[in-house]
Amino acid sequence: MNILNKLKSLSVSYWIRLQWIPSHVNIQGNEIADALAKEGADDVSVPSAPLTYLDLFSRAKSRNKTIWLIPPVHHWYQGSRPGGCLSIDCSRREQSSWT
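Right, dumping it as structure tokens:
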């Protein structure tokens, strides 16, 4: 049932008034609604749609990656040149003749 049909059926028994409430302008009711919405979004105990196998796999993969991924600590990896290139003050032609 779409929203319009639901409103029509409710209007038989109730007086319905739709009103635009601007957001984030320090309106007391809006601030309370924002706080409750944030609380509900942060609540992990609220069940959502069932997770698929792919969702579970992706979450486990992401968690394992953060646990097991250890960034390289050797000073070679801290440089701005890829592959640990040496910084030699000479022309490209001279560098090529040394390799």
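Residue numbers (the numbering used here): 2 to 100. Glycine included, C-beta positions come from ideal geometry on N, C-alpha and C.
Going by DSSP in three states, residue i sits in which element: helix, strand or coil?
i	result
Thr-67	helix
Ala-50	coil
Asn-3	coil
Ser-14	coil
Leu-19	coil
Please work out which residues of its chain come closer than 7 Å, Cβ to Cβ, to residue i, disregarding the five sequence neighbours upstream and downstream, and give them in chain order.
i	result
Leu-8	Ile-17
Leu-11	Ile-17
Measure the alpha-carbon distance for residue i versus residue j and round it to whole angstroms.
i	j	result
Ala-50	Asp-56	11 Å
Tyr-54	Gly-30	40 Å
Glu-32	Trp-21	15 Å
Cys-91	Ile-71	35 Å
Val-13	Asn-6	11 Å
Lys-62	Pro-73	20 Å
Lys-66	Ala-36	33 Å
Phe-58	Arg-94	51 Å
Ala-42	Tyr-15	30 Å
Leu-52	Arg-60	10 Å
Trp-69	Asn-3	48 Å
Arg-64	Leu-19	44 Å
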